[in-house]
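Counting from 1, position 91 in the sequence shown corresponds to residue 91 in full-length UniProt numbering; the numbering is continuous, with no gaps.
Where a beta carbon is used, it is the ideal one built from N, C-alpha and C, also for glycine.
Predicted model only: the values in this text are computed from it and were never measured.
Report on one structure; see the data block that follows.
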Amino acid sequence: MKLLKEFTIPFVGLKVGKHHFEYKVEQAFFEHFEYEDFNDVNINVDLVLDKKSTLLELHFKISGWVNINCDLTNEPFNQPVENEFDLVVKFGDEYNDENIDILILPHGTYEVNIQQYIYELIILAVPIKRIHPGVEDGTLDSEILDKLEELSPKLKEKKEKEEDIDPRWNTLKKLLTDK
1 MKLLKEFTIP
11 FVGLKVGKHH
21 FEYKVEQAFF
31 EHFEYEDFND
41 VNINVDLVLD
51 KKSTLLELHF
61 KISGWVNINC
71 DLTNEPFNQP
81 VENEFDLVVK
91 FGDEYNDENI
101 DILILPHGTY
111 EVNIQQYIYE
121 LIILAVPIKR
131 IHPGVEDGTL
141 DSEILDKLEE
151 LSPKLKEKKE
161 KEEDIDPRWN
171 TLKKLLTDK
């Protein structure tokens with residue numbers, strides 16, 4: 001995959017200490033990764049790079065929203081996302097990213113690309129089950145919800161069937177509860 005230049009940090013010229021970077025992630029970023037689940041994206045990434053003499057510490061913090069489709073109604077809505085992640089960049093003989101929060105770069109490397117970490121951080125911040133907030137509070141008016149309500153089993157019918165049972169069985173039901 002081609003690396004995006006705006007997410008490459010040349011750390012060789014930075015002084016020891018903390019450095020702040022800000023990025024704005026939009027839909028084009030996910031098109032680069034060929035990820036098509038989002039309709040629209042508006043996320044701010046705040047990155048604090050703490051350069052030390054032998055390693056780099058990166059603290060990612062994302063906040064914003066992604067526009068996705070509801071799993072129940074397929075209605076688009078803005079899902080707020082927030083997430084944080086810490087990454088330690090060390091230097092060694094060869095490139096190694098097997099550990100989740102430790103990246104080892106070869107000696108002599110002068111820059112680090114963070115686009116994959118931002119991508120994963122945003123994807124993992126989105127809930128697995130995507131439900132429109134209007135479904136949860138009952139304010140969403142959708143044809144799909146009306147059809148689901150129409151086709152759902154009725155609880156009243158079940159209670160009516162229980163009431164039609166011969167009353168002599170009620171004493172047997174008491175035996176089950178008297179244990």
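Close Cβ partners of residue i (< 7 Å) along its chain, the five nearest in sequence each way excluded
i           : result
E26         : V41 and N42
residue 180 : Lying outside 1 to 179, the shown extent of the chain, residue 180 is not represented and no answer is given.
N113        : L3, F7 and T8
Proximal residues to residue i (C-beta, below 8 Å), its chain only, five neighbours per side dropped
i    : result
P127 : Q79
T54  : K90 and F91
L14  : L49 and K51
Strand pairing of residue i, partner residues [DSSP]
i   : result
S63 : N44 and E82
V88 : E57 and I102
P24 : One detail in the question is off: residue 24 reads as Lys in this sequence, not Pro. Paired residue(s): N44.
G17 : K51
N74 : According to DSSP, N74 bridges with nothing at all.
Distance between beta carbons of residue j and residue i, contact taken as under 8 Å
i    : j    : result
F11  : L49  : 7 Å
N83  : L121 : 5 Å
I123 : V45  : That belief does not hold up - the Cβ atoms of I123 and V45 are roughly 13 Å apart, past 8 Å.
Test item: CB-CB of residue i and residue j under 8 Å
i    : j   : result
L105 : L87 : no
A125 : V81 : yes
Spatial neighbours of residue i in its chain, beta-carbon cut-off 6 Å, leaving aside the 5 residues before and after
i           : result
residue 192 : Lying outside 1 to 179, the shown extent of the chain, residue 192 is not represented and no answer is given.
heavy atom of the ligand ADP below 7 Å from residue i C-beta
i   : result
V88 : With respect to the ligand ADP, the structure shown offers nothing to examine, as it has no ligands at all.
Handout entry: Those runs of the alpha helix (DSSP H) which lie wholly inside the stretch 90–178 and span at least 4 residues
Key = 115–125, 133–137, 143–151, 155–163 and 169–177
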